[in-house]
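For the sequence shown, counting from 1, position 45 maps to 45 in full-length UniProt numbering; every step adds exactly one.
To keep things clear, I will list the structure first and then write my remarks on it.
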Amino acid sequence: MGEIDTFKRSRVAQFGIFATALLVLFFFFRSSPDYYSPEDLNSLLQNKDEDTVKVKKIELTKQGLHKPFLESGSYHIKNWDIAGNVIIKSNELIRLVSDNQHHVGSIFNQVPIQDESFEMELTFHIHSKNSKTLVADGLAIWFLDQKSEIGDVFGAKNYFNGMGIFIDTYKNGRKGNFPYVNVMLGDGKTAYNKDTDGFETRLAGCSARNLLNPKSGMTKARIVYTKYGYFSLDFKYTQGREGWINCVTAMDVKLPEKKYLGFSAETGDLSHNVDILENKIYALYKPDGVPIGSLQELERLMQEQSEMKEEEKKGGGRHRAFKKKPSKQQQRRSLRRLKNSEKKIKERERKLREEKYGDPNYHAGRRILDWILHFLKMIVYILAISALLWLGWIFYRTYTTKRKSKGMGLLD
Numbered sequence: 001m002g003e004i005d006t007f008k009r010s011r012v013a014q015f016g017i018f019a020t021a022l023l024v025l026f027f028f029f030r031s032s033p034d035y036y037s038p039e040d041l042n043s044l045l046q047n048k049d050e051d052t053v054k055v056k057k058i059e060l061t062k063q064g065l066h067k068p069f070l071e072s073g074s075y076h077i078k079n080w081d082i083a084g085n086v087i088i089k090s091n092e093l094i095r096l097v098s099d100n101q102h103h104v105g106s107i108f109n110q111v112p113i114q115d116e117s118f119e120m121e122l123t124f125h126i127h128s129k130n131s132k133t134l135v136a137d138g139l140a141i142w143f144l145d146q147k148s149e150i151g152d153v154f155g156a157k158n159y160f161n162g163m164g165i166f167i168d169t170y171k172n173g174r175k176g177n178f179p180y181v182n183v184m185l186g187d188g189k190t191a192y193n194k195d196t197d198g199f200e201t202r203l204a205g206c207s208a209r210n211l212l213n214p215k216s217g218m219t220k221a222r223i224v225y226t227k228y229g230y231f232s233l234d235f236k237y238t239q240g241r242e243g244w245i246n247c248v249t250a251m252d253v254k255l256p257e258k259k260y261l262g263f264s265a266e267t268g269d270l271s272h273n274v275d276i277l278e279n280k281i282y283a284l285y286k287p288d289g290v291p292i293g294s295l296q297e298l299e300r301l302m303q304e305q306s307e308m309k310e311e312e313k314k315g316g317g318r319h320r321a322f323k324k325k326p327s328k329q330q331q332r333r334s335l336r337r338l339k340n341s342e343k344k345i346k347e348r349e350r351k352l353r354e355e356k357y358g359d360p361n362y363h364a365g366r367r368i369l370d371w372i373l374h375f376l377k378m379i380v381y382i383l384a385i386s387a388l389l390w391l392g393w394i395f396y397r398t399y400t401t402k403r404k405s406k407g408m409g410l411l412d
């Protein structure tokens, strides 16, 4: 009884029991979000959750990189062009640049990716012994309309056409926390500006401080792209299947029809090692062999497979492609989550446009229209100023002519 009385008098003990009960209720009865996170969506498109939806994957071996990297008896990687200060240890790594000043290196695939939808997992390592001091400059992942020669944008040419994913380890401008990942869509006419770290041409990006000297000795980048413009980029700094962190997810992204894959890096006065350890890439198809074009198509595929499972269940049969059958409620919930995911992505894009341009509805067409209107406005201003100058000149000529006429009249 004495202990019970002590407990009743002890506010601390009562609060501790109450807090523990709340935590138990939270962890055991909390509901999962009513939408898929970008990481979940990318795992679905990678076919890592066949119980929810089944996707057909075909490996693109010509764009892959795996050990041993070198062809037997040569210093050549099959299907890849090598340029610059690249060092290849066939059973270990491809070092694009070493931890030395003013190095540059690149590898570009000789065979373009022609598949319209794909997913890629790149394993790389950016590291330096001088981790406590400043390092530079980073790694670029390219999807271009043509192979690039050595240049001054992370080791490749400027004014590129296609996508550049810049893992930037050194801050030149005033904005952002570094290392920073900057995604840019180039049109072949617009330059990447090193002085501002490409801020004005940035499609989207994220801070990624764990990219430099990760404890696991490697970083994984996961890229998912579909025919009608879904693009997503995740990073993972740990071993195992879990632990993906989304960096960028966007809709209406358009890559070139033929996409040359490349990796490049450079160092300046500051440096670090950039190692490529592995690359795997797969084309994404529906089971009937048609490329997955969008999240809406993934949604329809999920619906079709859900109905197929129901028919199998009613018929008493079991389709061998589906090892586990989710309940009808789970299937409906998966579809609802997928629809809500698309809404979330669009809302996030609107927010990014508002932050960058001050207008959530700002888009490429609007940007072109604004430029045209600005150009027309400048023409109107020039014409107006020219007209005023012309009127001023006429007035001046008339005034001087009248004065001359008066002067001649007085003399007469």
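The C-beta atom is built at its ideal place from N, Cα and C for all residues, glycine as well.
Under the DSSP assignment, residue 128 falls outside any beta strand (DSSP E); it carries neither an H nor an E label. For the stretch 109-184, the continuous beta strand (DSSP E) assignments of 3+ residues that do not extend past its boundaries occur at 118-127, 138-144, 150-153, 161-168, in sequence order. Contact check for residue 120 against residue 246 fails: the beta carbons are separated by 9 Å or more. DSSP places residue 237 outside both helix and strand once states are collapsed to three, so it counts as coil. Looking at the backbone, the Cα of residue 109 and that of residue 141 are separated by about 12 Å.
Following the DSSP letters along the chain, one finds residue 39 inside the alpha helix (DSSP H) bounded by residues 38-45. When beta bridges are read from the DSSP output, residue 249 appears opposite 232. The residue among 305, 123, 267 with its C-alpha nearest the C-alpha of residue 84 is 267. Within the model, the alpha-carbon separation for residue 217 versus residue 129 is close to 13 Å.
Look at the beta carbons and you see the stretch 252-264 not touching the stretch 34-53: under three pairs across the two are nearer than 8 Å.
In the DSSP assignment, residue 53 falls outside any beta strand (DSSP E) and carries neither an H nor an E. Only residues of its own chain outside the window of five on either side were considered, and among them 65, 69, 70, 71, 88, 94, 107 have a CB closer than 8 Å to the CB of residue 77, listed in chain order.
Residue 203 and residue 184 have their C-alpha atoms roughly 5 Å apart. Residues of the same chain with a CB within less than 6 Å of the CB of residue 160, apart from the 5 flanking positions on each side, are 144, 186 in chain order. For the pair residue 264 and residue 156, the CB atoms are nearer than the 9 Å cut-off. Residue pairing by DSSP places residue 86 in no beta bridge whatsoever. With 16 or more other Cβ atoms inside 10 Å of its own Cβ, residue 80 counts as buried. With fewer than 16 other beta carbons inside 10 angstroms of its own, residue 399 counts as exposed. Note on residue 395: under 16 other CB atoms within 10 angstroms of its CB, so exposed under the neighbour-count rule. Rounded to the nearest whole angstrom, the CA to CA distance from residue 301 to residue 105 is 42 Å.
Judged by DSSP secondary structure, residue 220 falls within the beta strand (DSSP E) whose first and last residues are 219-225.
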